[in-house]
Amino acid sequence: MIHLINVTKKFQRETVALDGVSLHIEPGEFVSIVGQSGSGKTTIVRLLISELKPDSGRIIVGGWDITKIKRRHVPILRRQIGVVFQDFKLLPKKTVFENVAFALQVAGTPRSRIKNIVPQVLKIVDLEDKTDRYPQNLSGGEKQRVAIARALIHRPKVLLADEPTGNLDAINTKDIIDLLLKINEFGTTVVLVTHNKEIVNAIKRRVVTMEKGKIIQDQKVGKYFI
Amino acid sequence: MFLLTFGRSILFAFQSFWRNIWLSLATVFIICLALLSINFLIIINAISDSAIVAVQNRVDISVYFKPAVREAKVEEVKNQWEGLPQVKNIIYKSPEENLNDFKARHQNDASIQETLKELEGNPLGATLVIQAKNLQSYPEILKAVDNPAYADLIEEKSYDDHQLIINRLNAITGSVKKGALIISLIFAIISILIVFNTVRIAIFTHQNEISIMKLVGANNWLIRAPFIWESIIAGVIACVVILAVIYPLLSIIQPYLAKFLQGVDFNLVSYFNHNIIWIFGGQLIGIIVINFFSSMLAIGKYLKV
Numbered sequence: 008m009i010h011l012i013n014v015t016k017k018f019q020r021e022t023v024a025l026d027g028v029s030l031h032i033e034p035g036e037f038v039s040i041v042g043q044s045g046s047g048k049t050t051i052v053r054l055l056i057s058e059l060k061p062d063s064g065r066i067i068v069g070g071w072d073i074t075k076i077k078r079r080h081v082p083i084l085r086r087q088i089g090v091v092f093q094d095f096k097l098l099p100k101k102t103v104f105e106n107v108a109f110a111l112q113v114a115g116t117p118r119s120r121i122k123n124i125v126p127q128v129l130k131i132v133d134l135e136d137k138t139d140r141y142p143q144n145l146s147g148g149e150k151q152r153v154a155i156a157r158a159l160i161h162r163p164k165v166l167l168a169d170e171p172t173g174n175l176d177a178i179n180t181k182d183i184i185d186l187l188l189k190i191n192e193f194g195t196t197v198v199l200v201t202h203n204k205e206i207v208n209a210i211k212r213r214v215v216t217m218e219k220g221k222i223i224q225d226q227k228v229g230k231y232f233i
Numbered sequence: 005m006f007l008l009t010f011g012r013s014i015l016f017a018f019q020s021f022w023r024n025i026w027l028s029l030a031t032v033f034i035i036c037l038a039l040l041s042i043n044f045l046i047i048i049n050a051i052s053d054s055a056i057v058a059v060q061n062r063v064d065i066s067v068y069f070k071p072a073v074r075e076a077k078v079e080e081v082k083n084q085w086e087g088l089p090q091v092k093n094i095i096y097k098s099p100e101e102n103l104n105d106f107k108a109r110h111q112n113d114a115s116i117q118e119t120l121k122e123l124e125g126n127p128l129g130a131t132l133v134i135q136a137k138n139l140q141s142y143p144e145i146l147k148a149v150d151n152p153a154y155a156d157l158i159e160e161k162s163y164d165d166h167q168l169i170i171n172r173l174n175a176i177t178g179s180v181k182k183g184a185l186i187i188s189l190i191f192a193i194i195s196i197l198i199v200f201n202t203v204r205i206a207i208f209t210h211q212n213e214i215s216i217m218k219l220v221g222a223n224n225w226l227i228r229a230p231f232i233w234e235s236i237i238a239g240v241i242a243c244v245v246i247l248a249v250i251y252p253l254l255s256i257i258q259p260y261l262a263k264f265l266q267g268v269d270f271n272l273v274s275y276f277n278h279n280i281i282w283i284f285g286g287q288l289i290g291i292i293v294i295n296f297f298s299s300m301l302a303i304g305k306y307l308k309v
């Protein structure tokens, strides 16, 4: 599903964010990428959604070599990958329904289909009764569930979650992780970027540990050991 | 697909305009101020133009013929001068009209009235009053009138004094027009900069939203279009507001202006009514073009996500 082949990325020529990283993620896997701040885990997410381009190496997502992707193709790539961020990245002047629908609207989905799909996805994240609320009227956990609903709306093969629980309390954190596991059970490949030790140890899935831009450990059923 | 995206971009624009109503109102207000200053400039230009035209219309050349010259000969000269390309019109005043005017002018002067009574017949000849198409044409007309062929027919010419006035007027109107052009250009540049920066600030406040839209997979045009529409909506509303505000303002100014420009036939409301399409159509198109390019430039910066 995801192939990073000897990928290197430097910032300002000196700072090495990724140093010859190779990573293969199979379809349907749940992979946690862990490491301290600055270890390069978020850089992987940014490379996978083409927010950054690698200095060397190759990146393949779902059989599509995006290493030298053209600017005009980036929106198409992003519609095929679901992404969830630590700061939710919701549109503040749009309601819950509109935030989720926006991901479909940008792809030119007809209104009738949007009216049909959005409530279904909001039901999965348990927000069907808050469709008309604005993000400012939601709790952190609810905001993140809206972000997950938006990420799922295209039924992506891959869901990237970059520190999705970073701004949440313990209860909301558990809810979000349970939701990600549920999504994975439906067959979506989930890549969870985190430095939350408890979560990683609790879910007992594959763990890729990074340090100073390199993968230092890749365990099938791993633990957070740093 | 295109129509769907086009329709959605307009819908998003109206939605955003309404949901960011204070920012939208601030934008409209600043565009209104810029348009108001442009309209004041239009008013000042219109007043100065009509004042110049009024002064120009008062300038003419009077050629007084000898009493012995017959009307047919004066008519012949009139026809010749009317053929000059610089001449706008020539008014013929008969000796009788001139005498009546003279009497009326000096009706309180007993000695002149007495002298006129003693005279046998009319001592005054006919007069031709010549008006040029513009001030610059008078020297050419003066040359034609000075032709020696007419020397025996003409008693007196009033244009010697006019030469100085004409030259001064030419210089003054030229300066006024140049000044108005420079002020107009400065005002236009200031207005463009104000509107440009207003649109930029409005878009700056949306920079996070723009990056989110990019991350969700929106293409550049779907992000740009609502902002462009939104700025156009602000421009159109500002034009409508100005249209609603300017007419009452003109009605308030008009009586004061009429007092100030006594004798000049100029009405601001009529002027705006007569030129409404040019004045407001021009401003509407101008503001749409400025807002379009301002939005395009301002958003471009935030689309590199």
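Which chain is which? The protein sequence lines are A and B, in order.
What the first sequence shows, in this note's numbering, is residues 8 to 233, in sequence order.
What the second sequence shows, in this note's numbering, is residues 5 to 309, in sequence order.
The C-beta atom is built at its ideal place from N, Cα and C for all residues, glycine as well.
- Counting other Cβ atoms within 10 Å of its Cβ, Asn277(B) stays below 16 and is therefore classed as exposed.
- Shown in chain order are the members of the region 108-128 of chain A whose Cβ falls below 8 angstroms from a Cβ of chain B: Phe109, Ala110, Gln112, Val113, Ala114, Gly115 and Pro117.
- At a cut-off of 8 angstroms between C-beta atoms, Val165(A) does not count as an interface residue with respect to chain B.
- Thr119(B): not part of any beta strand (DSSP E); member of the alpha helix (DSSP H) spanning Ala114 to Glu122, first to last residue.
- Within the region 214-242 of chain B, the residues whose Cβ lies closer than 9 angstroms to some Cβ of chain A are Ser215, Ile216, Met217, Lys218, Leu219, Val220, Gly221, Ala222, Asn223, Asn224, Leu226 and Ile227, listed in chain order.
- Chain A places no beta carbon closer than 8 angstroms to that of Met300(B), leaving this residue out of the contacts.
- Contact with chain B is absent for Pro171(A), since none of that chain's Cβ atoms lies less than 8 angstroms from the residue's Cβ.
- Within the region 77-96 of chain A, Pro82, Arg85, Arg86, Val90 and Lys96 place their CB atoms closer than 7 angstroms to a CB of chain B, listed in sequence order.
- For His110(B), no alpha helix (DSSP H) segment is defined, and its DSSP state is neither H nor E.
- According to the DSSP assignment, Gln224(A) belongs to no alpha helix (DSSP H) but to the beta strand (DSSP E) extending over Lys221 to Gln226.
- Counting the other CB atoms within 10 Å of its CB gives Gln151(A) a total of 16 or more, which places it among the buried residues.
- At the C-beta level, Gly221(B) and Val113(A) come within 8 angstroms of one another.
- A Cβ-Cβ contact shorter than 8 angstroms links Ser298(B) with Val203(B).
- Taking all protein chains shown into account, Gln287(B) has 16 or more neighbouring C-beta atoms within 10 Å of its C-beta and is therefore buried.
- Contact check for Leu272(B) and Leu301(B): beta-carbon distance about 37 angstroms, past the 8 angstroms limit, so the pair fails to qualify.
- Per DSSP, the continuous alpha helix (DSSP H) segment holding Ile47(B) begins and ends at Ile25 to Arg62.
- In the structure shown, Glu234(B) falls within a helical segment according to DSSP collapsed to helix, strand and coil.
- When Arg53(A), Leu129(A), Ile222(A) and Ile184(A) are compared, the shortest CA-CA separation from Ile210(A) is found for Ile184(A).
- In this chain, the alpha helix (DSSP H) harbouring Ser274(B) covers Leu272 to His278.
- Taking C-alpha positions only, Pro99(A) is separated from Gln143(A) by approximately 7 angstroms.
- Leaving aside the five residues that flank Ile35(B) on each side, the residues in its chain whose CB is nearer than 7 angstroms to its CB run, in chain order, Val199, Thr202, Ala238, Gly239, Ala242 and Ile291.
- At least one CB of chain A lies nearer than 8 angstroms to the CB of Ser20(B).
- If you draw a 10 Å sphere on the C-beta of Gly87(B), you find fewer than 16 other C-beta atoms in it, and that means exposed.
- The beta carbon of Glu36(A) is closer than 7 angstroms to those of Thr196 and Arg213 in its chain, skipping five residues each way along the sequence.
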